[in-house]
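Asks: The numbering of the sequence shown is this note's numbering, which starts it at 2 and goes up by one.
Here it is, the structure, as structure tokens.
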Amino acid sequence: RSTATQRERFALVAAVLPEASARRVAHILAAPGDNSYDDLKAALLVAHQLTSYQKAEKLFSSEPLGDRRPSELLSEMLELVHPGEERSRLFAMLFLRRLPAAVRLQLTKDDHEDVRALADKADRCAASIHRHQQLLPVFAATADNCEDNSESSEFSVAAVGSYRGSGSSQ
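This is the structure we're talking about:
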């Protein structure tokens, strides 16, 4: 890149840097060189990257699944390891332990060597469990409104069937 292009890019980035980031690279901002943009970019990456220890700490102490999909959790975890480390049994176990017990139970028979395939199956299991949990109030409300006659029972089954039909495909 030409020196003029380096300076232009440097000026654009320096103008929009948040104060906290600017403090981290103040030495570059104070005395830009010929490769000022590349130098600034490299310094910002180093300043904001986690160390190997910080990545390991985050991997071991990260939150459970929460409202994310298992594959989203896996993506976040993959950012913390070097390529190839995701194939270890330890990594698979760290992933699995963040999943809800009901999802883990569905995955116990699976081969844990391909963690991406495991996450895909976990996505399907979690979605299925979520759909079933949404049906529970329908079953309870229908049962509460039922009297002991066949017309009410048929209505209840029809209501549940139509509810299931309106959901996403399985």
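All residues carry an ideal CB built from backbone N, CA and C; glycine is no exception.
Are there three or more Cβ pairs, one per stretch, closer than 8 Å when the region 59-74 is compared with the region 112-127?
Replies: Touching, yes.
Asks: Looking only at its own chain, which residues have a Cβ that is under 8 Å from the Cβ of E114, when we skip the five neighbours before and after it?
Replies: Start at 1 with the first residue of the sequence shown, and residue 114 comes out as number 113. Cβ within range, chain order: R88 and A93.
Asks: Ordered along the chain, which non-local residues of its own chain (more than five positions away) have a Cβ less than 8 Å from that of A23?
Replies: Residue 23 sits at position 22 when you count from the first residue of the sequence shown. Closer than 8 Å at the Cβ level, and outside the excluded window around A23, lie A15 and L30.
Asks: What residue ranges within the region 7-36 form continuous beta strand (DSSP E) runs of no fewer than 3 residues, ordered along the chain?
Replies: Qualifying beta strand (DSSP E) stretches: none in this window.
Asks: Would you give the residue range spanned by the alpha helix (DSSP H) that K59 belongs to?
Replies: For the purposes of this step, residue 59 is taken as residue 58 along the sequence shown, with counting starting at 1. That run of the alpha helix (DSSP H) goes S53 to S62.
Asks: Would you mind sorting L46 into buried or exposed? The rule is 16 or more other CB atoms within 10 Å of its CB.
Replies: Taking the sequence shown and counting its residues from 1, one reaches residue 46 at position 45. Exposed: under 16 other Cβ atoms inside 10 Å.
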